[in-house]
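Residue numbers (my numbering): 270 to 409.
Data block below; observations after.
Shown next as structure tokens:
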């Protein structure tokens, strides 16, 4: 599938609609000073895998992965790890959903495996342990 995007200026109608939305919603005191109803939590897990030591840090908003950091003593590409982290962002913090996101990211990795010697199942398990750690920390 190939698509070519052509850069064009916004139409006057688009500019007016954008301004109306900003004025009516995004510049309001309620929007600017809103408080999240769901507190963030965080957790971490460390595991020795077949590909090396793996550290995973997660931040959750409710039951959704807000941010995932993958680090450790393993071989891999920085760009591959960044793609994995991006694929996990906003994934439901459920073991099966995490496994699907990781498996999908591994399948799309065209360079080579982002984490050499670390299987998708191993990575999913370590991420899940970090999620469980976040629950243990908050008592959820």
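For each residue, glycine too, the CB sits at the ideal point set by N, CA and C.
A quick note: this is a predicted structure, and the numbers were derived from the prediction, not measured.
Notebook entry, point to check: For residue 383, which residues of its own chain have a beta-carbon under 7 Å away from its beta-carbon, when the five flanking residues on both sides are left out?
Noted result: Taking residue 383 as the centre and dropping the five residues before and after it, the same chain places the C-beta of 345, 346, 349, 350, 352 and 353 closer than 7 Å to its C-beta, in chain order.
Next item on the list: Could you have a look at residue 274 and say whether DSSP puts it in helix, strand or coil?
Entry: The answer is coil: DSSP assigns residue 274 none of H, G, I, E or B.
Next item on the list: Tell me whether residue 322 is buried or exposed, calling it buried when 16 or more other Cβ atoms sit within 10 Å of its Cβ.
Entry: So residue 322 counts as exposed.
Next item on the list: Determine the contact status of residue 360 and residue 325, defining contact as a CB-CB distance below 9 Å.
Entry: Cβ distance not < 9 Å, so residue 360 and residue 325 don't count as in contact.
Margin query: Contact criterion: CB-CB distance below 9 Å. Does residue 306 meet it with respect to chain C?
Written below: Looking at the structure shown, chain C is missing, and only one protein chain is on hand.
Item checked: Pick from 285, 330, 355 and 272 that is closest to residue 304, judged by C-alpha positions -> Looking at the Cα atoms, 330 is the closest of the given residues.
Checklist line | Spatially closest choice to residue 357 from 371, 364 and 363, by CA coordinates | finding: Considering only alpha carbons, the answer is 371.
Margin query: Rounded to the nearest angstrom, what separates residue 320 and residue 306 at their Cα positions?
Written below: Roughly 40 Å between the two C-alpha positions.
Item checked: Inside the segment 278–365 only - alpha helix (DSSP H) runs reaching at least 4 residues -> Listed in chain order, they are 281–290, 298–301 and 347–357.
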